[in-house]
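Residues in the sequence shown are numbered consecutively from 105, following the numbering used here. Structure first, commentary second.
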Amino acid sequence: ALVGDAAHPVSPYAAYGMGMAIEDGYFLTRGFGGRNLTPDVVAQGFAAYEADRVAYCNHQVEFARKLGNQFHRAPAPVAWLRDQIFDRTGVLQKIVEKDYLADAEAMSLRLKELHVA
(Lines of atoms letter the chains of each structure in order from A; the text may use other names.)
(Lines give C-alpha, C1' and ligand atoms only; values in the text may rest on other atoms or scores of the structure.)
Protein backbone atom coordinates (compact mmCIF):
# COMPACT_ATOMS: atom_id res chain seq x y z
CA ALA A 105 0.00 0.00 0.00
CA LEU A 106 1.12 3.49 -0.72
CA VAL A 107 0.84 6.10 2.02
CA GLY A 108 1.85 9.70 2.46
CA ASP A 109 3.58 11.43 -0.43
CA ALA A 110 3.87 8.17 -2.37
CA ALA A 111 0.08 7.93 -2.54
CA HIS A 112 -0.81 11.60 -2.80
CA PRO A 113 2.21 13.85 -3.29
CA VAL A 114 1.52 17.21 -1.73
CA SER A 115 3.65 20.16 -2.74
CA PRO A 116 5.59 21.60 0.20
CA TYR A 117 3.49 24.75 0.39
CA ALA A 118 0.95 23.20 2.71
CA ALA A 119 3.35 21.06 4.82
CA TYR A 120 0.93 18.13 4.90
CA GLY A 121 3.13 15.27 3.70
CA MET A 122 4.16 13.78 7.04
CA GLY A 123 0.83 14.46 8.69
CA MET A 124 -1.06 12.79 5.89
CA ALA A 125 1.28 9.78 6.04
CA ILE A 126 0.48 9.42 9.75
CA GLU A 127 -3.23 9.77 9.01
CA ASP A 128 -2.92 7.14 6.27
CA GLY A 129 -1.28 4.75 8.71
CA TYR A 130 -4.09 5.31 11.18
CA PHE A 131 -6.80 4.60 8.59
CA LEU A 132 -5.00 1.49 7.34
CA THR A 133 -4.63 0.21 10.90
CA ARG A 134 -8.30 0.88 11.52
CA GLY A 135 -9.19 -1.30 8.54
CA PHE A 136 -6.79 -4.13 9.36
CA GLY A 137 -6.25 -3.99 13.12
CA GLY A 138 -6.92 -7.20 15.01
CA ARG A 139 -8.19 -9.08 11.98
CA ASN A 140 -6.98 -12.23 10.26
CA LEU A 141 -5.52 -10.78 7.06
CA THR A 142 -7.13 -13.03 4.50
CA PRO A 143 -7.23 -11.76 0.91
CA ASP A 144 -10.88 -10.71 1.36
CA VAL A 145 -10.15 -8.82 4.58
CA VAL A 146 -7.18 -7.08 2.95
CA ALA A 147 -9.33 -6.08 -0.03
CA GLN A 148 -12.04 -4.77 2.32
CA GLY A 149 -9.46 -2.88 4.37
CA PHE A 150 -8.01 -1.18 1.31
CA ALA A 151 -11.51 -0.35 0.05
CA ALA A 152 -12.37 1.24 3.40
CA TYR A 153 -9.06 3.14 3.40
CA GLU A 154 -9.76 4.46 -0.08
CA ALA A 155 -13.33 5.44 0.83
CA ASP A 156 -12.08 7.31 3.90
CA ARG A 157 -9.14 9.06 2.27
CA VAL A 158 -9.51 9.79 -1.45
CA ALA A 159 -11.73 12.88 -1.36
CA TYR A 160 -9.93 14.36 1.66
CA CYS A 161 -6.45 13.77 0.20
CA ASN A 162 -7.42 15.11 -3.21
CA HIS A 163 -8.71 18.27 -1.55
CA GLN A 164 -5.45 18.72 0.39
CA VAL A 165 -3.33 18.17 -2.73
CA GLU A 166 -5.36 20.76 -4.61
CA PHE A 167 -5.13 23.23 -1.71
CA ALA A 168 -1.33 22.84 -1.64
CA ARG A 169 -1.21 23.41 -5.40
CA LYS A 170 -3.34 26.54 -4.96
CA LEU A 171 -0.99 27.84 -2.26
CA GLY A 172 2.02 27.15 -4.45
CA ASN A 173 0.49 29.11 -7.30
CA GLN A 174 -0.40 32.00 -5.00
CA PHE A 175 3.09 32.19 -3.55
CA HIS A 176 5.27 31.51 -6.58
CA ARG A 177 3.47 32.28 -9.80
CA ALA A 178 2.08 35.73 -9.18
CA PRO A 179 3.51 38.71 -11.08
CA ALA A 180 5.75 40.93 -8.93
CA PRO A 181 3.18 43.71 -8.31
CA VAL A 182 0.52 41.17 -7.37
CA ALA A 183 2.99 39.28 -5.15
CA TRP A 184 3.91 42.52 -3.38
CA LEU A 185 0.24 43.34 -2.74
CA ARG A 186 -0.45 39.76 -1.61
CA ASP A 187 2.46 39.91 0.83
CA GLN A 188 1.22 43.20 2.25
CA ILE A 189 -2.24 41.75 2.79
CA PHE A 190 -0.95 38.50 4.30
CA ASP A 191 1.50 40.33 6.57
CA ARG A 192 -0.97 42.91 7.84
CA THR A 193 -4.29 41.08 8.03
CA GLY A 194 -5.66 37.73 9.13
CA VAL A 195 -6.53 36.65 5.58
CA LEU A 196 -3.94 33.86 5.36
CA GLN A 197 -5.00 32.41 8.72
CA LYS A 198 -8.64 32.43 7.61
CA ILE A 199 -7.72 30.60 4.40
CA VAL A 200 -5.85 27.94 6.37
CA GLU A 201 -8.64 27.59 8.91
CA LYS A 202 -11.29 27.29 6.22
CA ASP A 203 -9.46 24.88 3.94
CA TYR A 204 -7.50 22.74 6.37
CA LEU A 205 -8.44 23.10 10.00
CA ALA A 206 -12.18 22.78 9.38
CA ASP A 207 -11.63 19.58 7.39
CA ALA A 208 -9.24 18.19 10.00
CA GLU A 209 -11.68 18.94 12.80
CA ALA A 210 -14.58 17.33 10.94
CA MET A 211 -12.47 14.24 10.23
CA SER A 212 -11.37 14.03 13.88
CA LEU A 213 -14.95 14.26 15.11
CA ARG A 214 -15.89 11.30 12.90
CA LEU A 215 -13.27 9.12 14.63
CA LYS A 216 -15.39 7.97 17.56
CA GLU A 217 -12.60 5.77 18.95
CA LEU A 218 -10.61 8.93 19.73
CA HIS A 219 -13.39 10.45 21.83
CA VAL A 220 -12.78 10.55 25.57
CA ALA A 221 -15.76 10.14 27.87
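Yeah, the Cβ is synthetic: ideal placement off N, Cα and C, and Gly gets one too.
Cβ pair count under 8 Å reaching 3, the stretch 115-133 against the stretch 168-180:
yes
Tell me whether V114 sits in a helix, a strand or coil according to DSSP, three-state version.
The DSSP-derived three-state label of V114 is coil.
Among F131, I189, G121, Y120, which has the Cα closest to the Cα of R214?
F131
Determine the burial state of N164: buried for a count of at least 16 other Cβ atoms within 10 Å of its Cβ, exposed for fewer.
The sequence shown places Gln at residue 164, not Asn. It counts as buried.
Return the CA-CA distance between V145 and Q197, expressed in angstroms with no decimal places.
42 Å
In whole angstroms, give me the CA-to-CA distance for G123 and G129.
10 Å
For A141 and R177, what's the separation of their Cα atoms in angstroms?
The residue asked about is misnamed: residue 141 is Leu in this sequence, not Ala. Whole-angstrom Cα-Cα distance: 47 Å.
How should R192 be labelled, buried or exposed, when 16 other C-beta atoms within 10 angstroms of its C-beta is the threshold for buried?
exposed
Let's test the definition: count the other Cβ atoms within 10 Å of the Cβ of A168 and tell me whether it reaches 16, buried, or not, exposed.
buried
Bounding residues of the alpha helix (DSSP H) (the contiguous stretch that carries Y130):
From DSSP, the alpha helix (DSSP H) with Y130 extends over 121-136.
Classify G138: buried if its beta carbon has 16 or more other beta carbons within 10 angstroms, exposed otherwise.
exposed
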